[in-house]
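Residue numbers (my numbering): 24 to 159.
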């Protein structure tokens with residue numbers, strides 16, 4: 024029996040890896056979110072940077088939706104789904120940047136929540152991959 028070329032390099036724990044373009048898009052989205060967050064906090068012009076923040080949040084959400092986890096580990100699937108929720112929190116924060124541009128409270132809270140989730144998943148995903156790989 025011959026295997027498909029796409030199934031040869033798929034790890035049962037981590038699943039199919041995101042493409043290089045998706046990884047670059049995630050990095051770009053996160054950098055745009057950071058730039059959009061830091062500028063008003065450092066005294067920059069809010070009207071330009073809310074567009075930058077919104078673009079980063081939208082890029083991140085689109086990439087998270089179109090690059091799902093394809094592995095077999097249930098805990099990793101949940102962690103990647105939580106990571107998608109972080110992108111959704113960033114989009115809600117972008118909404119509040121446009122809805123109430125003079126008030127930093129609402130969008131900053133959602134940005135911090137999304138950042139906390141992002142930090143948690145960035146720590147837990149490698150630990151769970153290591154644990155699941157050792158088990159298999």
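Cβ atoms here follow ideal geometry from the backbone N, Cα and C, with glycine treated the same way. Small disclaimer: the values here were computed from a predicted structure and weren't measured.
Residue i (DSSP reduced to helix, strand or coil)
{"i": "residue 67", "result": "coil"}
{"i": "residue 123", "result": "coil"}
{"i": "residue 137", "result": "helix"}
{"i": "residue 96", "result": "coil"}
{"i": "residue 149", "result": "helix"}
CB of residue i within 8 Å of CB of residue j, strictly
{"i": "residue 109", "j": "residue 137", "result": "yes"}
{"i": "residue 58", "j": "residue 75", "result": "yes"}
{"i": "residue 38", "j": "residue 86", "result": "no"}
Spatial distance of residue i from residue j (CA atoms)
{"i": "residue 116", "j": "residue 45", "result": "22 Å"}
{"i": "residue 62", "j": "residue 153", "result": "37 Å"}
{"i": "residue 93", "j": "residue 159", "result": "17 Å"}
{"i": "residue 112", "j": "residue 40", "result": "24 Å"}
{"i": "residue 101", "j": "residue 64", "result": "33 Å"}
Candidates the options: closest to residue i by CA position
{"i": "residue 105", "options": "124, 131, 54, 88", "result": "88"}
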